[in-house]
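Asks: Using this note's numbering, count along the sequence shown one by one with no gaps and you end on 400.
Virtual Cβ for every residue (Gly too), placed ideally from N, Cα, C.
Values in this document were obtained by computation on a predicted structure and should not be read as measured data.
Supplied in structure tokens, the structure appears directly below.
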Amino acid sequence: MQTLPTSDVPALAALQQRALVVGVVALLAGAAGAFLNVNQFFLSWLIGFLFCLSLALGSLALLMLQHLSGGQWGLVARRVFEAASRTLPFVALLFVPILFVLPRLFLWAQPEAVQADHVLQLKAPYLNVPFFVVRAIIYFVFWLALVWILNKWSAEQDRGVGVTTIDSIRFRKVSAPGLLFLVLTVTFASTDWIMSLDPHWFSTIFGLLTMAGWGLTSLAFAIAVLALVAPDPAGSFLNARHFHDLGKLLLAFVMLWAYLSFSQFLIIWSGNLPEEIPWYIQRIRGAWGVVAILLVLGHFALPFLLLLSRNLKRHSGLLAKVAVFVLLMRLVDLIWLVAPTFSHSVPGEAAGHNAGFAIHWMNFAVPIGLVAVWLFLFARQLRARPIFPVNDPYFQQAFAHEAH
């Protein structure tokens, strides 16, 4: 068993402290805003919950993908993925307030709306409050079980238990079915928590698009964290080749997200069905159309062009800046998905109000507050264990990369 590199990185400690301060201030501002517009507050809470969930579940997916592929890129970032996945209990707590305000967010949770809408009546066997809650419990139980198993075995590996190549197969035996069922549950969860905000709209690609976006979010976050650790002696294992590998994967995820997003748009737009097309009309006309153009340029075109540079991908600082920019675009994308539909889901709102531009300051303040608290917990989890899995049987191979 080798000596474990310390996880007591000053930059992580500073990040943890600053995140807590930002989180408290932003949430206090959001709480004050709740007295002025409670519906807007819970919409913003939903956005913040979904962003935190994307960080935790995207990391869990990438962790299992690394166990399956044995890729050196994942071994470098494995502890970041594990620490992020261990924040899932906190994310589950963030979901609890949503259960108490379902009629404020979801049209199908309003009995009077269901009685007046034939489509909602047809979807009622699936879109009803009791079944919604049961499904959510099933999702979180499954996700938490995966997190517990994989992190438990990883901790045993740190103690020198199960460090042989043969014994590491158990990670793959869990990750193979685990990743499959994770994609399935995320598909249903994204349908429940995002798509059903507009219960008339549906897309068969949306679940896969959500999973790709969450993977992109988690990978960009991992790159930013590793770049923060790299200058510290604890990050001495990292070199330009590692960041180059991660940068190439980030480029692949950016392209995958763009491909799936365009495919969904092309299929729905060419189909021109009355149940589907209004969803896009709301988001590509008027001021929301400006946000759509921003996503095309900022979420795809700019990162794509920048990540084509080999030198940029090998420079941890520059790559981290691109990753942070991608994270910002991920938040904008989430707001673009959720906010335009919200007025349809709130009793008493004018039916055409959602056609206007309605980005509220709480759409940023509350999610930033929740993510900052999440970041505080993440940093604490990351500092609690060795920063790299040196007892992994593939560690020497992964960190023997020469920078060239």
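Could you check how far apart the C-beta atoms of Ser40 and Asn359 are, in whole angstroms? I think they sit under 8 Å.
Replies: Rounded, the Cβ-Cβ distance is 5 Å, consistent with contact.
Asks: Using only the heavy atoms of the ligand MN, determine whether one of them is closer than 7 Å to the beta carbon of Lys169.
Replies: Absence of the ligand MN is noted for the structure shown, with no ligands found whatsoever.
Asks: Which class does Val417 belong to by DSSP, given the choice of helix, strand or coil?
Replies: It is not possible to answer for residue 417, since the shown part of the chain is limited to -3 through 400.
Asks: Just to confirm the assignment, what range does the alpha helix (DSSP H) spanning Val143 have?
Replies: 125 to 154 is the span of the alpha helix (DSSP H), which, as asked, contains Val143.
Asks: Taking 8 Å as the threshold, find out whether the stretch 183 to 191 comes into contact with the stretch 204 to 211 through three or more Cβ pairs.
Replies: Verdict: yes, contact present.
Asks: Leaving out five residues before and five after Gly344 in sequence, what residues of the same chain have Cβ atoms less than 8 Å from its Cβ?
Replies: For Gly344, the pLDDT reaches just 35, beneath the cut-off of 50, and the residue's location in the model is therefore unreliable, leaving the point undetermined.
Asks: Kindly give me the distance between the Cβ atoms of Val225 and Val5, rounded to whole angstroms, as I take these residues to be in contact under 8 Å.
Replies: Confirmed, Cβ separation roughly 6 Å.
Asks: Please state if the CB of Arg74 and the CB of Leu84 are separated by a distance shorter than 8 Å.
Replies: No, these two residues do not count as a Cβ contact at 8 Å.
Asks: Ala319: buried (16+ other C-beta within 10 angstroms of its C-beta) or exposed?
Replies: Buried, since its Cβ has 16 or more Cβ neighbours within 10 Å.
Asks: Buried or exposed: Val287, going by 16 or more other Cβ atoms within 10 Å of its Cβ?
Replies: By the neighbour-count rule (16 or more Cβ atoms within 10 Å), Val287 is buried.
Asks: How many angstroms separate the CA atom of Glu14 from the CA atom of Leu262?
Replies: Here residue 14 turns out to be Arg, not Glu, going by the sequence shown. So the alpha carbons of these two residues sit roughly 43 Å apart.
Asks: Under a Cβ-count criterion, where at least 16 other Cβ atoms within 10 Å of its own Cβ denotes burial, should Phe249 be classed as buried or exposed?
Replies: Classification for Phe249: buried.
Asks: Looking only at its chain, what residues have a beta carbon closer than 6 Å to the beta carbon of Gly54, apart from the 5 residues adjacent to it on each side?
Replies: Once the five neighbours on either side are set aside, the close Cβ partners of Gly54 are Trp210, Gly211, Thr213, Ser214.
Asks: Check for me: the alpha helix (DSSP H) holding Val292 runs from which residue to which?
Replies: No alpha helix (DSSP H) contains Val292, which DSSP labels as neither H nor E.
Asks: Under the rule that 16 or more other beta-carbon atoms within 10 Å means buried, what is Ile264, buried or exposed?
Replies: Flag for Ile264 reads buried.
Asks: Would you mind stating whether Phe177 and Phe138 have Cβ atoms separated by less than 8 Å?
Replies: Cβ atoms of Phe177 and Phe138: closer than 8 Å.
Asks: From the DSSP output, in three-state form, read off His340 for me.
Replies: Unreliable placement is indicated for His340, whose pLDDT of 45 sits below 50; the coordinate value is still reported in the next sentence. His340 falls in the helix class under three-state DSSP.
Asks: Quick one: give me the first and last residue of the alpha helix (DSSP H) that Gly29 is part of.
Replies: From DSSP, the alpha helix (DSSP H) with Gly29 extends over 6 to 30.
Asks: So which of Val72, Val18, Gln36, Glu78 has the shortest CA-CA distance to Gln392?
Replies: Cα-wise, what sits closest to Gln392 is Val72.
Asks: Report the CB separation of Ser164 from Ala223 in whole angstroms; it is logged as a contact under 8 Å.
Replies: Not quite, the Cβ-Cβ distance comes to about 28 Å (not below 8 Å), so this is no contact.
Asks: Asp241 by DSSP, collapsed to three states: which one?
Replies: Helix at Asp241.
Asks: Tell me whether Asn350 sits in a helix, a strand or coil according to DSSP, three-state version.
Replies: The predicted model places Asn350 with a pLDDT of 41, which falls under 50 and marks its position as unreliable, so this point remains unresolved.
Asks: Using CA coordinates, which residue listed in Ile134, Gly156, Leu314, Phe167 is at the minimum distance from Ala220?
Replies: With distances taken between Cα atoms, Ala220 lies closest to Leu314.
Asks: What are the start and end residues of each continuous alpha helix (DSSP H) run of 4 or more residues lying completely inside the stretch 258 to 339, in chain order?
Replies: Runs found: 273 to 280, 283 to 291, 298 to 303, 306 to 310, 312 to 334.
Asks: Buried or exposed: where does Ser192 fall if 16 or more other Cβ atoms within 10 Å of its Cβ makes it buried?
Replies: Buried, by the Cβ-count rule.
Asks: Can you tell me whether DSSP reads Glu345 as helix, strand or coil?
Replies: Any reading at Glu345 must be qualified, since the residue scores a pLDDT of 42, below 50, and its modelled position is unreliable; no value is offered.
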